[in-house]
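So the structure is just underneath, and the comments pick up after that.
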Amino acid sequence: MRARLSADFERFRRELPRDFAGYVRQAYRIDLTARYLGYDLPHPFGKGSGQLSLNVDQLETDRAAGLAFVVLKTLIAETPTGERSMGAWAIHETRMAVERRTSADGRAGWTVTWKGRGWDRSLDDYLALVRAGRDLMRAGPEGMLAVPSVKYNLPRLGEPFVEAEYAHTTAQVASAWGDDELPIEKDFSPTLAGDPLADERTQVLRWIGEVPGRIRRAAPRGARVQLKLMNARFDDEFQLEMVGAARDADGVTAFNRLFDPARRVAYGGWDLSERNLRVLDLARDRGIVPPGLCGSGNIGSGRMMLAYAQRGCESGQLHTFFQLPLSEYPATAGSRTARALHALVFDPVDGLIAGLLELEEQGLLHRRDGELRFLDVCAIGNRRGAEHAEDSSG
Ligand SMILES: Cc1cc2nc3c(=O)[nH]c(=O)nc-3n(C[C@H](O)[C@H](O)[C@H](O)COP(=O)(O)O)c2cc1C
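For what it's worth, this note's numbering labels the leading residue of the sequence shown as 506, then goes sequentially.
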């Protein structure tokens, strides 16, 4: 298997097989099936909302590369008359800097520095992108899931929610999506974490508890709501409270980038994965693994994807790893998405296949009907959490 993996890694430097998940299943007896918001995916790697899911060309390139899913850039909700209580997030900024970032414990990684925020074009333009995404999903076996993302009104304690933003924006997005239940991600962003609005803990917990129901009620054919939680500026205990408060969501994306209050920018790298994995460990140990977990933060290898999976994440959303200088990818041709997938899946040391084979060797993952299954890795994590909860209660 190892020899085969090294050979495939070399062979696919120029081009991945079209249905590489199907190839992995047949060649390695490894089933990479993953899940996001209840949708089955061919493998766990998707793209997080941001500057890489702003237009149809980007979506087409990702579909052609074989990406499992994309979350579209975050739209800022509005009322029927175009008022936006979160309008401060709809600012225009194009310049991004992909930079090296060393973590607090000295590990060299990458971050993207960017001063922009949400979608800065019209609602109609966004609806056109949602329609294009929906068409891509329905494009047959090689379709790709493309889910809208919205930032809605978040009121102060004691103030009511601006219902018109939820009602109008959700109805518009749902109608662009079409006849089925609407999949939607609600973004709590790092710049929100850095905003005075998020200074009040009870206020943040109220948002997380109430937002899923509000979106569902506003969607004519219902909605599946994924909450992308921010990394709040409070301690791990509060981060856990946020996870616990998300129990009404259909899924939780854990967690958006860290906020640097001195530079007033969001950042990632190893500090981000360190925090996310630590909080997910705590959540598991206390038996509060939320439904539909999706990991996000410094996923730059199959190995890191598996670290999230062992803490219950059924898929992962990447942004930074799709933006590295071309010289950082071992592949020698193809789009950045395709080159990234080549490394994420086939790298003989840090790729997903290598990591799954290693879990098998360690006796942590077992073949069922002759196959290793990515989703069984999430069960390893859940089982350990249940054992830990029993130990500490007994
Ligand atoms: C330039 C940039 C813009 C982003 N914009 C959004 C956004 O609009 N909405 C959102 O939910 N997340 C946004 N994100 C967060 C990413 O989707 C992702 O969750 C985060 O960067 C962590 O993943 P990474 O370490 O792979 O970059 C953005 C990230 C970057 C780098």
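Backbone N, C-alpha and C fix where the C-beta goes; we use that ideal spot for every residue, glycine too.
Exercise for the section: Go through its chain and collect everything with a Cβ distance to Ile-535's Cβ below 7 Å, but skip five positions before and after it. Expected result: Val-529, Ile-858, Leu-861, Glu-876, Leu-877
Exercise for the section: Could you pull out every residue in the same chain whose Cβ sits closer than 8 Å to the Cβ of Glu-715, ignoring the five residues on either side in sequence? Expected result: Phe-666
Handout entry: Ser-511 (DSSP reduced to helix, strand or coil)
Key = It is helical.
Handout entry: Euclidean distance between Cα positions of Gly-899 and Gly-807
Key = With a pLDDT of 43 at Gly-899, under the threshold of 50, the modelled position of this residue cannot be trusted, and the question is left open.
Practice task
Please state whether DSSP places Gly-899 in a helix, a strand or coil.
Solution key: Caution is warranted here: a pLDDT of 43 is assigned to Gly-899, below 50, making its placement in the model unreliable, and no coordinate value can be reported.
Exercise for the section: Assign Gly-807 to one of three DSSP states: helix, strand, or coil. Expected result: Annotated three-state conformation of Gly-807 is helix, per DSSP.
Handout entry: Contact under 8 Å by Cβ, Pro-795 with Arg-752
Key = yes
Handout entry: Those residues which DSSP pairs with Ile-689 across a bridge
Key = Val-730
Problem - Close-in-space but distant-in-sequence residues of the same chain around Thr-902 (CB under 8 Å, 5 per side omitted) - result: Nothing can be reported for residue 902: it is not among the residues displayed for the chain, which extend from 506 to 899.
Problem - Gly-611 versus Tyr-772: straight-line alpha-carbon distance, rounded - result: Across the structure, Gly-611 and Tyr-772 are spaced so that their CA atoms are roughly 16 Å apart.
Problem - Cβ-Cβ distance between Leu-580 and Gly-551 below 8 Å - result: Their beta carbons are not under 8 Å apart, which means Leu-580 does not touch Gly-551 by this criterion.
Handout entry: DSSP bridge partner residues for Ser-654 (one or two, in chain order)
Key = Thr-579, Glu-690
Exercise for the section: Along the beta strand (DSSP E) that carries Asp-629, what are the first and last residues, could you check? Expected result: It is not in any beta strand (DSSP E) - Asp-629 instead sits in the alpha helix (DSSP H) that spans 628-642.
Handout entry: Buried/exposed call for Leu-662, threshold 16 Cβ in 10 Å
Key = exposed
Exercise for the section: Verify whether the separation of the beta carbon atoms of Leu-591 and Lys-691 is less than 8 Å. Expected result: Reading off the sequence shown, one finds Met at residue 591, where the question assumed Leu. No, Cβ-Cβ distance for Met-591 and Lys-691 is not below 8 Å.
Practice task
Can you grab the Cα-Cα spacing for the pair Asp-786 / Arg-726, in whole Å?
Solution key: 36 Å
Handout entry: Endpoints, the beta strand (DSSP E) within which Gln-822 is located
Key = 821-823
Practice task
Please say whether Phe-826 and Gly-802 have beta carbons closer to each other than 8 Å?
Solution key: no
Exercise for the section: Express the C-alpha separation of Ala-838 and Leu-564 in angstroms, rounding to a whole number. Expected result: 19 Å
Problem - Element boundaries [alpha helix (DSSP H), containing Met-649] - result: Per DSSP, Met-649 belongs to no alpha helix (DSSP H) and is neither H nor E.
Problem - Test item: CB-CB of Pro-547 and Leu-557 under 8 Å - result: no
Problem - Stretch-stretch touch, CB-based, cutoff 8 Å, three pairs: the region 668-682 with the region 604-618 - result: no
Practice task
Hey, could you find the ends of the beta strand (DSSP E) Tyr-671 is sitting in?
Solution key: Not the beta strand (DSSP E): Tyr-671 falls in the alpha helix (DSSP H), residues 668-682.
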